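When you read off a place in the sequence shown, starting at 1, and then add 956, the result is the number in my numbering. Data block below; observations after.
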Amino acid sequence: MAVAGLPSEYRPQNQLLLRDKRLLRIQNIFPSNMCIRVCWSFLLLYSVLLFCNGFHVPEFLGNEIDRVALLESKSKITHDPLVVLASWNESIHFCKWHGVTCSRRHRQRFIILNLKSLNLAGSISPHIGKLSFLKVLKLQNNGFTHEIPS
């Protein structure tokens, strides 16, 4: 934009508008370059943290009810000859645990628990009844005692 009476080399960086015969100066709160740099910095930082963390979803993004219910269920299992529940620990997000399938729509909620034919023994945790997103529960061909809680 050409400003009357000023050569282009003397024009300030901020835009000048000529309106009602007055010179109005419009300043941006944040220059666009700075906003872009800050956004890219945060994106880069998040990517590095995600990569260094082994693509582990941060715990605050997980569902605590589901995680606790699964860990309680594991604690009730007294016999695991195939050691399939070794992956059920704090270092791995529960959606990646053996036999656990999380929802695509609600990514931090598991919908399938498949522990079928793993020769597991123990009791069924009452916490299973608190899982509102659980749609499929496969526990056949194991040595579980007690009823499945409603």
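Beta carbons: idealized from backbone N, C-alpha and C, even for Gly. As the structure is a computational prediction, the values presented were derived from the model and not from experiment.
Approximately 5 Å separates the beta-carbon atoms of Ile1067 and Lys1091; this is inside 8 Å, confirming the contact. Between the alpha carbons of Leu1087 and Asn1019 lies a distance of about 11 Å.
With contacts defined by Cβ atoms closer than 9 Å, Phe1100 and Leu1069 do not form a contacting pair. Residue pairing by DSSP places Cys1058 opposite Phe1066 in a beta bridge. In this structure, Val1040 places its C-beta atom within 9 Å of the C-beta atom of His1054. Ranking Asp1022, Glu1103, Ile1033 by CA distance to the CA of Gln1064 puts Asp1022 first. When Pro1037, Ser1047, Leu1038 are compared, the shortest CA-CA separation from Leu1027 is found for Ser1047. Per DSSP, the unbroken beta strand (DSSP E) holding Ser1079 starts and ends at 1077-1079. If you ignore the 5 residues before and after Cys1051, its C-beta comes within less than 6 Å of the C-beta of Cys1058, all in its own chain and listed in chain order.
Across the set Gly1085, Ile1084, Leu999, Ile1080, the C-alpha of Ile1080 shows the shortest separation from the C-alpha of Asn1098.
Annotation: the continuous alpha helix (DSSP H) that includes Lys1032 extends over 1020-1032. Bridge pairing for Lys1094: Asn1070 [DSSP]. Per DSSP, reduced to three states, the secondary structure at Phe1050 is helical.
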